[in-house]
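Peer 1: Chains A and B are the protein sequences, given in the same order.
For the first sequence, counting from 1, position 432 maps to 432 in full-length UniProt numbering; every step adds exactly one.
For the second sequence, counting from 1, position 270 maps to 270 in full-length UniProt numbering; every step adds exactly one.
Where a beta carbon is used, it is the ideal one built from N, C-alpha and C, also for glycine.
The structure that follows is given in the form of structure tokens.
Protein chains: 2
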Amino acid sequence: MEVIDQLAPERSKSQFDVDAMKIVWAGSQHAFDISDRMARLVASDPAFRKDYRVTLGRKELFKNTLRKAAHAWKRIIELRLTEEEASKLRTFVDEPAFTDLHWGMFVPAIKGQGTEEQQQKWLPLAYKMQIIGCYAQTELGHGSNVQGLETTATFDPATDEFVIHSPTLTSSKWWPGGLGKVSTHAVVYARLITDGKDYGVHGFIVQLRSLDDHSALPGITVGDIGMKFGNGAYNTMDNGVLHFDHVRIPREQMLMRVSQVTREGKFKQSDVPRQLLYGTMVYVRQTIVADASSALSRAVCIATRYSCVRRQFGSQDGGPETQVIDYKTQQSRLFPLLATAYAYRFVGEWLNWLYTDVTQRLQANDFSTLPEAHACTAGLKSLTTSFTADGIEECRKLCGGHGYLCSSGLPELFAVYVPACTYEGDNTVLLLQVARFLMKTVSQLGSDKKPVGTTSYMGRIEHLMQCRCDVQRGIGTCYNVSMYMPSE
Amino acid sequence: MEVIDQLAPERSKSQFDVDAMKIVWAGSQHAFDISDRMARLVASDPAFRKDYRVTLGRKELFKNTLRKAAHAWKRIIELRLTEEEASKLRTFVDEPAFTDLHWGMFVPAIKGQGTEEQQQKWLPLAYKMQIIGCYAQTELGHGSNVQGLETTATFDPATDEFVIHSPTLTSSKWWPGGLGKVSTHAVVYARLITDGKDYGVHGFIVQLRSLDDHSALPGITVGDIGMKFGNGAYNTMDNGVLHFDHVRIPREQMLMRVSQVTREGKFKQSDVPRQLLYGTMVYVRQTIVADASSALSRAVCIATRYSCVRRQFGSQDGGPETQVIDYKTQQSRLFPLLATAYAYRFVGEWLNWLYTDVTQRLQANDFSTLPEAHACTAGLKSLTTSFTADGIEECRKLCGGHGYLCSSGLPELFAVYVPACTYEGDNTVLLLQVARFLMKTVSQLGSDKKPVGTTSYMGRIEHLMQCRCDVQRGIGTCYNVSMYMPSE
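Okay, structure coming up:
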């Protein structure tokens, strides 16, 4: 049976320079070249194939991910890839893995919160993957409210050690990726208690498993928390549970850049401003917005191609049916998603600039724009991830029954994407923070505190209040973001 | 560690008679008793356990479903369950299986479209499951547009046979549940061609596999179409692909209640009105609305219980944190879903009445209310399934990170539910049909054709056009269905 390329005629109709658009999308010719090279590298290597991923049982799936992670590591070294190239390669391997947490959370936590000596001791081990680390913050009973964590780290001056302990069921660490099966170490967040006083939540480097036989160390109960949404998706990740029964670690394993406990058990705060930690949050959320664009564009790409190939109804005299992309109902659902994927790409660029700007100001001890930058990234993280999750599902529905098959790629795109609405700040909680920031900004309008950045228009409140809008009724639509923008 | 029942205090606060509500929800004391008995029967039988379902690879999962289906069949016979009881038992086994298609589509198709003799020949075999049937309508290239199906059934007067053939790749049957591995027979929809003329799509009983060794018969290529959304979900079902290479069947295997082909190859239409077929469509969509209520209520139940148990923020002096159900943001998302689950329950009851009413009228050759009944069920099918799919996902998000774990039940509820937005009429296509019906009704307002049922208010158009609404602006919300109702 003859199979015709049905996309070629559609592609030939393009009215813009596709190659130029590829560069715009990538950000630069340099970024495009790396992306293109890494994509080919992954696509041509059978060790990275993923077509049978959804058919594997959990155990085989997980083993497969371990093999891929090891293979990726081998290739990165063999080809002497730069950090930028290695990161792109992992993007195209496209499988959540313990390495995401090792490189994306464990190493940065030590870099950001460890002293010089701590960095010198631990980073070389982590860089060579002689130890593998995860980031153990969330507990069974505590997610959004980090200050409510129950795990304790009690200083024992007799032995110069901290005793890490899980006093309740709800204090069990729950969710950390890489914890369930792989990690040898973790940065554990626990309430620091010394001299009988609770000094709140701090980070500690804790060894979990033997470097000889990988067995759990005494006092440590650790395991995998089971299946998650979707077939492949995050089931390639060993999200774990961790319970401590009076586990002792040397005092030097508390991350001491910002706060310290002395040999005598005295708590000290260094002069490193705590606000520096918020800079990291801005960075992480900025990458989430960029990822939203990437995830949405993949879904839109599949749905657009399908809409060109799929024909239904409208046959005249036995001729071919109408391509579904020519139906207004299909267009009105699909095209706003396509436009949004591009919009988020450019919002991501802008947030990248914002992060650089905030970082430079923080280094100059200027904290004035931090709350506004924080609100911006919180709001945009919430908006873009919610819309992207819904948008991927809409793309799936736009492919009719075929979108329900894993071979369409869409079910896994959805399942692997949706946790972005919950992690790094639950979207509802984040919007409440934005609302609180906006209310505070409004309440300060008469004062010396001038609104900055995206809220600076509020400084013209008196003028704005006098403006009248000529529009008498709006047409409600999810996409009409301009409704929420100030109009004069 | 002590585990406290945190739901008991919440339950004790209930201000209505819970036992009375159970009866209302079930529909009657009789229905409740059966439901309760069957629920206990399934829950107490280890052969029906489903807790490890999501961890199985595809093959084991499917074998497991076969075992359960056989066990259910055994129990139904041993306990001499009534049809109503058997149906409830299958509801609680809660796993899509080939039996759904055998009992829900294959048998009804023969009952509805077969002649008396055809029913006498085939139904006893089907009832005893000596043959297992599926419903092969959708093709790779043809879903919503049934009239566009490409499979042909060409009458050969020389042998008194039909030749069933798939002339193209897109004409392959694609999706039928039970087809991939299990079915021995299918009702196949194909274009009837006789005397060189195309008489459109009709149903034919076609044997697919040997009753001796279950191998595919000559000319038949059949297989499973692969993984679908979710872990368990519809992966317990062997949705299949089927290709015919000039497969011959006796003329008597065309379902001939409505149309016939004579020994000489003449096409005849019986006097059975085609509209009767629409009655079935009203029935099927009515059950879909009832299922929407059931699916949404399960998700809401999980999210509500979680919201009572989960505590986050708001701890005073080290006391317990606030139950998340006490947050307005949680309530404003959860409670409308709870209310909707009840609303759909009662809409389902009303549609049940509508189906009975339409059926009685059809039997008396009164077709006057059929278009309105058809539009009602199409619109309600679309509305309730779209809202329920979104509602289940909202419930999942309301459980935060824990909703992403399969152990919450929510990922599988979503994955198994969403195809309802596509099957039995794609929701967008159905809404276009409703719009067309409404436009036609409006255009006929001046004529003899009076609007009936839910559209009868349009008969008062002149009065309505003079009414003024006092409301000046509406608050957009998905739940505010009353916006779309006539106000006077």
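Strictly below 8 Å CB to CB, what residues from chain B border Gln312(A)?
Peer 2: Those are His142, Gly143, Ser144, Asn145 and Gly148, listed as they occur along chain B.
Peer 1: Quick one: what does DSSP say Cys308(A) is sitting in, helix, strand or coil?
Peer 2: Helix at Cys308(A).
Peer 1: Measure the C-alpha to C-alpha separation of Ser171(B) and Thr152(B) and round it to an integer number of angstroms.
Peer 2: For Ser171(B) and Thr152(B), the distance between alpha carbons rounds to 9 Å.
Peer 1: Hey, could you find the ends of the beta strand (DSSP E) Leu242(A) is sitting in?
Peer 2: Its beta strand (DSSP E) spans residues Gly240 to Phe244.
Peer 1: Grab me the residues of Phe367(B)'s own chain with a C-beta within less than 8 Å of its C-beta, minus the 5 sequence neighbours each way, in chain order.
Peer 2: Once the five neighbours on either side are set aside, the close Cβ partners of Phe367(B) are Pro273, Gln275 and Arg361.
Peer 1: Any idea which residues DSSP pairs Tyr189(A) with across the strands?
Peer 2: BP columns for Tyr189(A) point to Gly203(A).
Peer 1: Any residues in the segment 215-232 of chain B with a beta carbon nearer than 8 Å to a beta carbon of chain A? Which ones, in chain order?
Peer 2: Of all residues in the segment 215-232 of chain B, Ile225, Gly226, Met227, Lys228, Phe229, Gly230 and Asn231 have a Cβ within less than 8 Å of some Cβ in chain A.
Peer 1: Tell me which residue opens and which closes the alpha helix (DSSP H) that Lys63(B) is part of.
Peer 2: Unbroken alpha helix (DSSP H) run through Lys63(B): Arg58 to Glu78.
Peer 1: Distance, Cα to Cα, Val481(A) vs Ile392(A)?
Peer 2: Note that Val481(A) scores 38 on pLDDT, short of 50, meaning its location in the model is unreliable; the coordinates nonetheless yield the value given after this. If you take the alpha carbons of Val481(A) and Ile392(A), they lie about 19 Å apart.
Peer 1: Under 8 Å Cβ to Cβ from Met1(A), same chain only, skipping five residues before and after it: list those, please.
Peer 2: Because Met1(A) sits at a pLDDT of 49, beneath the cut-off of 50, its placement in the model cannot be relied upon, and the following sentence gives the value as read from the coordinates. There are no such residues.
Peer 1: What does DSSP give as the partner residues of Leu405(A) in its beta bridges?
Peer 2: DSSP lists Lys228(B) as partners of Leu405(A).
Peer 1: For Asp470(A), collect the residues of the same chain with a Cβ closer than 7 Å to its Cβ; drop the 5 residues on either side in sequence, then sort them by chain order.
Peer 2: Nothing listed; no residue qualifies.
Peer 1: Hey, is Gln294(B)'s beta-carbon within less than 8 Å of any beta-carbon in chain A?
Peer 2: Inspection of the sequence shows that residue 294(B) is occupied by Ser rather than by Gln. Judged by the 8 Å Cβ criterion, Ser294(B) is not in contact with chain A.
Peer 1: Looking only at DSSP bridge pairs, what is Phe267(B) linked to?
Peer 2: According to DSSP, which records beta bridges pairwise, Phe267(B) is partnered with Val261(B).
Peer 1: Along the segment 319-341 of chain B, what residues have a CB closer than 7 Å to any CB found in chain A?
Peer 2: For the segment 319-341 of chain B, which is checked against every Cβ of chain A, the residues closer than 7 Å are Glu321 and Thr329.
Peer 1: Between which residues of its own chain and Lys266(B) is the CB-CB distance below 8 Å, once the five residues before and five after are set aside?
Peer 2: Once the five neighbours on either side are set aside, the close Cβ partners of Lys266(B) are Thr194 and Asp195.
Peer 1: Please return the same chain residues whose Cβ sits closer than 7 Å to the Cβ of Arg333(B), not counting the five positions on each side in sequence.
Peer 2: Taken in chain order, the residues that qualify are Glu394 and Leu398.
Peer 1: From the DSSP secondary-structure annotation, give me the bridge partner or partners of Val24(B).
Peer 2: Beta-bridge pairing links Val24(B) to no other residue.
Peer 1: To the nearest angstrom, how far is the alpha carbon of Lys59(B) from that of Gln29(A)?
Peer 2: Their backbone Cα atoms lie some 47 Å apart in a straight line.
Peer 1: Out of Pro157(B), Asp156(B), Leu7(B) and Ile164(B), which has the shortest C-alpha to C-alpha gap to residue 498(B)?
Peer 2: Because residue 498(B) is not part of the residues shown, which for chain B are 1 to 488, the question remains open.
Peer 1: Which residues, in chain order, does the segment 380-401 of chain A contribute to contact with chain B at a C-beta distance below 7 Å?
Peer 2: Of all residues in the segment 380-401 of chain A, Lys397, Gly400 and Gly401 have a Cβ within less than 7 Å of some Cβ in chain B.
Peer 1: What is the DSSP secondary structure of Phe367(A), counted as helix, strand or coil?
Peer 2: It is coil, neither helix nor strand.
Peer 1: From residue 506(A) to Ile77(A), what distance separates their C-alpha atoms?
Peer 2: Because chain A is modelled from 1 through 488, residue 506(A) falls outside the range shown and cannot be assessed.
Peer 1: Work out the CA separation of Leu413(B) and Ser87(B) for me, nearest whole Å.
Peer 2: So the two alpha carbons sit approximately 20 Å from each other.
Peer 1: What distance in whole Å lies between the Cβ atoms of Phe106(A) and Tyr127(A), which are believed to be in contact at a cut-off of 8 Å?
Peer 2: With 8 Å as the limit, Tyr127(A) and Phe106(A) do not qualify as a contact, their Cβ atoms being about 11 Å apart.
Peer 1: Between the beta-carbon of Gly240(B) and the beta-carbon of Gly223(B), is there less than 8 Å?
Peer 2: Against a cut-off of 8 Å, the Cβ pair of Gly223(B) and Gly240(B) comes out as a contact.
Peer 1: For Ser456(B), tell me which candidate among Gln466(B), Leu445(B) and Met465(B) has the shortest Cα-Cα distance.
Peer 2: Answer by Cα proximity: Leu445(B).
Peer 1: Would you mind sorting Cys406(B) into buried or exposed? The rule is 16 or more other CB atoms within 10 Å of its CB.
Peer 2: Cys406(B) should be labelled buried.
Peer 1: Taking Cβ positions only, does Cys421(B) come closer than 8 Å to chain A?
Peer 2: Output row for Cys421(B): interface = yes.
Peer 1: Given this structure, state the Cα-to-Cα distance separating Val261(B) from Phe162(B), to the nearest angstrom.
Peer 2: Roughly 10 Å separates the two Cα atoms.
Peer 1: Contact defined as beta carbons within less than 8 Å: I believe Gln137(B) pairs with Met256(B). What is the distance between those atoms, to the nearest angstrom?
Peer 2: Not quite, the Cβ-Cβ distance comes to about 18 Å (not below 8 Å), so this is no contact.
Peer 1: What residues in its chain sit with their C-beta under 7 Å from that of Gly425(A), if we drop five residues either side in the sequence?
Peer 2: Closer than 7 Å at Cβ, skipping near neighbours: Ala378 and Lys381.
Peer 1: For the ligand MG, I want to know if Tyr342(A) counts as a neighbour, meaning its beta carbon is within less than 7 Å of at least one of the ligand's heavy atoms.
Peer 2: Inclusion of the ligand MG in the displayed structure is not the case, the ligand content being empty and no account of it being possible.
Peer 1: Going by the CB atoms, is the gap between Ala109(B) and Gly203(B) shorter than 8 Å?
Peer 2: Taking 8 Å as the Cβ cut-off, Gly203(B) and Ala109(B) qualify as a contacting pair.
Peer 1: Can you give me the C-alpha to C-alpha distance between Ser408(B) and Ile302(B), rounded to a whole angstrom?
Peer 2: Going by the C-alpha atoms only, they are around 8 Å apart.
Peer 1: Does the CB of Leu179(B) have a neighbour CB from chain A at under 8 Å?
Peer 2: Chain A, which has no Cβ nearer than 8 Å to the Cβ of Leu179(B), makes this no.
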